[in-house]
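Engineer: Here you go, one structure.
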Amino acid sequence: MDSEGGASLPSGPDAKKRRVSYFYEPTVGDYYYGQGHPMKPHRIRMAHSLVVHYGLHRRMEINRPFPAGPIDIRRFHADDYVDFLASVTPETLADSVHSRHLKRFNVGEDCPVFDGLLGFCQASAGGSIGAAVKLNRQDADIAVNWAGGLHHAKKAEASGFCYVNDIVLGILELLKVHRRVLYVDIDVHHGDGVEEAFYTTDRVMTVSFHKFGDFFPGTGHIKDVGAGTGKNYALNVPLNDGMDDESFRSLFRPILRKVMEMYQPDAVVLQCGADSLSGDRLGCFNLSVRGHADCLRFLRSFNVPLMVLGGGGYTIRNVARCWCYETAVAVGVEPDNNLPYNEYYEYFGPDYTLHIAPSNMENLNTPKDMEKIRNALLEQLTRIPHTPSVPFQTTPPTTKVPEEVEEKLDERPKPRIWNGVIYDSDPEDDKHWIKFPTAARMTKMRWKKIKSIIIVILRADADGSLSNSKIPHPTSPNLHLSPKTPPKPLLFHSWTPKSQPAHHPTRKPRPRTMAPPREDVKILAKFKSMHNYIRVLEVSKRAVDPFTSSRLLLDNPGNIHSISFIFKSLTSTYFDVFTLPPIIPPGPIGILGFRAGSAARSILDLYPEVVVHGWELDPSVIGVGREYFGLSKLERQYTDRLIIHVGDAFKASTRGGSCVEAEDSLRHGKLVTEETLKEMQRVFGDKLFVLSLGNR
Numbered sequence: 000m001d002s003e004g005g006a007s008l009p010s011g012p013d014a015k016k017r018r019v020s021y022f023y024e025p026t027v028g029d030y031y032y033g034q035g036h037p038m039k040p041h042r043i044r045m046a047h048s049l050v051v052h053y054g055l056h057r058r059m060e061i062n063r064p065f066p067a068g069p070i071d072i073r074r075f076h077a078d079d080y081v082d083f084l085a086s087v088t089p090e091t092l093a094d095s096v097h098s099r100h101l102k103r104f105n106v107g108e109d110c111p112v113f114d115g116l117l118g119f120c121q122a123s124a125g126g127s128i129g130a131a132v133k134l135n136r137q138d139a140d141i142a143v144n145w146a147g148g149l150h151h152a153k154k155a156e157a158s159g160f161c162y163v164n165d166i167v168l169g170i171l172e173l174l175k176v177h178r179r180v181l182y183v184d185i186d187v188h189h190g191d192g193v194e195e196a197f198y199t200t201d202r203v204m205t206v207s208f209h210k211f212g213d214f215f216p217g218t219g220h221i222k223d224v225g226a227g228t229g230k231n232y233a234l235n236v237p238l239n240d241g242m243d244d245e246s247f248r249s250l251f252r253p254i255l256r257k258v259m260e261m262y263q264p265d266a267v268v269l270q271c272g273a274d275s276l277s278g279d280r281l282g283c284f285n286l287s288v289r290g291h292a293d294c295l296r297f298l299r300s301f302n303v304p305l306m307v308l309g310g311g312g313y314t315i316r317n318v319a320r321c322w323c324y325e326t327a328v329a330v331g332v333e334p335d336n337n338l339p340y341n342e343y344y345e346y347f348g349p350d351y352t353l354h355i356a357p358s359n360m361e362n363l364n365t366p367k368d369m370e371k372i373r374n375a376l377l378e379q380l381t382r383i384p385h386t387p388s389v390p391f392q393t394t395p396p397t398t399k400v401p402e403e404v405e406e407k408l409d410e411r412p413k414p415r416i417w418n419g420v421i422y423d424s425d426p427e428d429d430k431h432w433i434k435f436p437t438a439a440r441m442t443k444m445r446w447k448k449i450k451s452i453i454i455v456i457l458r459a460d461a462d463g464s465l466s467n468s469k470i471p472h473p474t475s476p477n478l479h480l481s482p483k484t485p486p487k488p489l490l491f492h493s494w495t496p497k498s499q500p501a502h503h504p505t506r507k508p509r510p511r512t513m514a515p516p517r518e519d520v521k522i523l524a525k526f527k528s529m530h531n532y533i534r535v536l537e538v539s540k541r542a543v544d545p546f547t548s549s550r551l552l553l554d555n556p557g558n559i560h561s562i563s564f565i566f567k568s569l570t571s572t573y574f575d576v577f578t579l580p581p582i583i584p585p586g587p588i589g590i591l592g593f594r595a596g597s598a599a600r601s602i603l604d605l606y607p608e609v610v611v612h613g614w615e616l617d618p619s620v621i622g623v624g625r626e627y628f629g630l631s632k633l634e635r636q637y638t639d640r641l642i643i644h645v646g647d648a649f650k651a652s653t654r655g656g657s658c659v660e661a662e663d664s665l666r667h668g669k670l671v672t673e674e675t676l677k678e679m680q681r682v683f684g685d686k687l688f689v690l691s692l693g694n695r
């Protein structure tokens, strides 16, 4: 090594050194999630110690981030959620003001309330916003914030150890100056919070490489590609256990090369979650530090403004190794493999080296599977226009980040936080946190069985009709079933269950029933989506009501969009009054009626050759279905047979023809069912079998 900590490392084809701005909050290592919790902010202090002892700090501009204020955080997060984070403490956790919000904001076991919670969030978000400002001002080529990368946080919900989504806040800052921003995530967990935030825009492309399957957060299917203007601007690379350096590189480089060619971003954000390293407590990949850092090296070579963030990582000695080495890659040096002596030297025994050897775990990612994934994503990229345009508009002012004089940095009041006891180095026998919270674990106390395929249940008010509203309704979910074999001609006919009156436009709506008492209803989620005002309600099992022990998804203006009952796949209520034919014939099948979800679920169970396609215009409805109604579990259970689409059902199509809306409700003075049947006849002719459900 040279006197400043390393030998020159040409990172890109031009071998050019980059101006690197490095953000570090000295108190960040003091924050403490609690006894036994796998998230340890102390790892950031350990990484910084290695950076300093290797002399890398001499090659960078070092910044102490200014804490993000409530106004900054509210650029993405809901006001009431930010107010909650600002006021809740371990001491006030049990009072009536805060306790009723714990479940609503998903604060508890995985995302605990600890001393200095808001300060931790402000430091993390402040670093990422500050990094974006540096890039916007062209004061740096690369900006690093290892305290950032908390990619699971949602608009009004904590998730996966994350409370404030610093990445979204940083990208929003970048968008003030840059037309297009590319977000790349190499954490072992899917970057769901960032993808969700930008799912409907083409100004941000998200690319996530992650473990997919029975694994938190349960999202990131390869077919989740974005919606509306953002269609095809979300790329998901679902991977299996044991992913090694060579396999990862064979996917990462060709996909990102094509992304850079087609999208031509003005800035890139890389989330470097280190739980994809070999031996991580909560991860299942087998990457080396070099293999992980190769992603940064490759993106650095394009010489585009680059923000580098932290993320997951729960074997903290390896997290420190990884982020130190990636800091070296950012500044363009190759550090010695022998670690310099530092205050955490004992953590890195018995080898005391910077790099770790991969384990001998089996790589379950077969060459055939990887080729299939690579080809699918490269094909997806061909469907986006080269360099999507952004209309001319006034550039909003860049966030003002106060400059602090170095001598006064320690005068800032310190939070009431961890008492300084040294952590044990990642005990492997911690029974409470053997695995990252999986989707199954997060819902283990909620629903043993799910009533229906939530996305394909059709919208209806309690009285069976659609109310008029100035806010446009989304197109109702439609169900289209097609077997794997080509459709055979069938006579067109409408089949109605016995004892159920046929649909007729002159029938009067059913009287509205009384709602359950307010004290028996909990609001689990409430937010405005791109098309809807969405509410998720949970009715207590104590309620004397037909909706007892149920969850309801209401859309605007109070329609029951979806319903699930605890411990029941089907119910004895009118919601599930239907029968199925003994044989499902080949050919396109349209399922009409409010019970369509239950029928589709039963068909999946009973008819193994049938493939179910469901359409929903509003991606937030799909997200709510996955999170609260068990849709993600169904998608994993029926991987090849249940396909969920974001889009307008009127414009949808599958092999065998187009799909049309199926809803038995008045709209614009016409009965939609009659229009639907006419449209189905026009599209499918005599090749259609209609299963008509319901007693309205």
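Numbering (numbering that gives the first Met the number 0), first residue to last: 0 to 695.
Virtual Cβ for every residue (Gly too), placed ideally from N, Cα, C.
(1) Tell me, to the nearest whole angstrom, how far the beta carbon of P69 is from that of V180; I am working on the premise that it is less than 8 angstroms.
(2) Identify every residue that forms a DSSP beta bridge with Q270.
(3) For the putative contact between F113 and Y32, defined by C-beta atoms under 8 angstroms, what is the C-beta separation to the nearest angstrom?
(4) What does the Cβ neighbour count give for D335, buried or exposed, with the cut at 16 atoms within 10 Å?
(5) Would you mind reading off the limits of the beta strand (DSSP E) that contains F208?
(6) Quick one: is T26 buried, meaning 16 or more other Cβ sit within 10 Å of its Cβ, or exposed?
(7) Taking the beta strand (DSSP E) that D554 belongs to, which residues open and close that run?
(8) For I433, collect the residues of the same chain with a Cβ closer than 6 angstroms to its Cβ; drop the 5 residues on either side in sequence, then sort them by chain order.
(9) Starting from S275, trace the alpha helix (DSSP H) in both directions and tell me its first and last residue.
(10) In chain order, what residues of the same chain lie with their CB nearer than 6 angstroms to the CB of V87, ignoring the 5 residues before and after it?
(11) Relative to the C-alpha of F700, which candidate in L281, N364, E333 and L551 has its C-alpha closest?
(12) How is the alpha helix (DSSP H) around V538 delimited, first residue to last?
(13) Can you give me the C-alpha to C-alpha distance between A130 and C323, rounded to a whole angstrom?
(14) Determine contact between the region 44-52 and the region 131-139, defined as no fewer than three beta-carbon pairs at a distance below 8 angstroms.
(15) Could you check the C-alpha separation between Y262 and I170 for me, to the nearest Å?
(16) May I ask you to report which of helix, strand or coil DSSP gives N302?
(17) For L603 and I643, what's the separation of their Cα atoms in angstroms?
(18) T638: buried (16+ other C-beta within 10 angstroms of its C-beta) or exposed?
(19) Per the DSSP calculation, K527 is bridged to which residue(s)?
(20) Considering only C-alpha positions, which residue in the set G278, A329, V318 and C283 is nearest to V303?
(21) Cα separation between K537 and R600?
(22) Taking DSSP as the reference, what is the three-state secondary structure of R17?
(23) So if DSSP puts I562 in a beta bridge, which residue, or which two residues, is it bridged to?
(24) Residue ranges of each alpha helix (DSSP H) run of no fewer than 4 residues wholly in the region 105-138, ordered along the chain?
(25) Keeping to the same chain, check which residues put their C-beta closer than 7 angstroms to that of I416; ignore five residues upstream and five downstream.
(26) Counting only the same chain and skipping the five closest in sequence on each side, list residues whose C-beta sits under 7 angstroms from that of R382.
(27) How would you call N374, buried or exposed, if buried means at least 16 neighbouring beta carbons within 10 angstroms?
(28) Less than 8 angstroms between the CB atoms is what I'm expecting for L55 and A327, so what's the real figure, rounded?
(29) Measuring straight from C-alpha to C-alpha, what distance separates L552 and S561?
(30) Quick one: any contact between the region 355-371 and the region 277-296, if contact means 3 or more CB pairs under 8 angstroms?
(31) Taking C-beta to C-beta, are L269 and L295 nearer than 8 angstroms?
(32) In angstroms, rounded to a whole number, what distance separates the CA positions of V520 and L305?
(33) With burial defined as no fewer than 16 other Cβ atoms inside 10 Å of the residue's Cβ, what is the status of E626: buried or exposed?
(34) Assign V87 to one of three DSSP states: helix, strand, or coil.
(35) Is the separation between the beta-carbon of H189 and that of A266 shorter than 8 angstroms?
(36) Go through its chain and collect everything with a Cβ distance to R252's Cβ below 8 angstroms, but skip five positions before and after it.
Structural biologist: According to the data block:
(1) The pair is not a contact, with the Cβ atoms about 24 angstroms apart (cut-off 8 angstroms).
(2) D184 and L308
(3) 6 angstroms
(4) exposed
(5) V203 to K210
(6) buried
(7) S549 to D554
(8) Its pLDDT being 35, under 50, I433 is placed unreliably in this model, and the value from its coordinates should be taken loosely. Result list for I433: empty, nothing under 6 angstroms.
(9) Note, S275: premise wrong, no alpha helix (DSSP H); not H, not E.
(10) H97 and V112
(11) Nothing can be reported for residue 700, as the shown portion of the chain is limited to 0 through 695.
(12) No alpha helix (DSSP H) holds V538; the beta strand (DSSP E) holding it covers Y532 to V538.
(13) 18 angstroms
(14) no
(15) 16 angstroms
(16) coil
(17) 14 angstroms
(18) exposed
(19) Y532
(20) A329
(21) In the sequence under discussion, the amino acid at residue 537 is Glu, which differs from the Lys named in the question. Near 21 angstroms, if we compare the C-alpha coordinates of R600 and E537.
(22) coil
(23) L551
(24) 116-135
(25) In this predicted model, I416 has a pLDDT of only 38, less than 50, meaning its place in the structure is not dependable enough to derive any value.
(26) N231
(27) exposed
(28) 6 angstroms
(29) 5 angstroms
(30) yes
(31) yes
(32) 47 angstroms
(33) buried
(34) coil
(35) no
(36) F297
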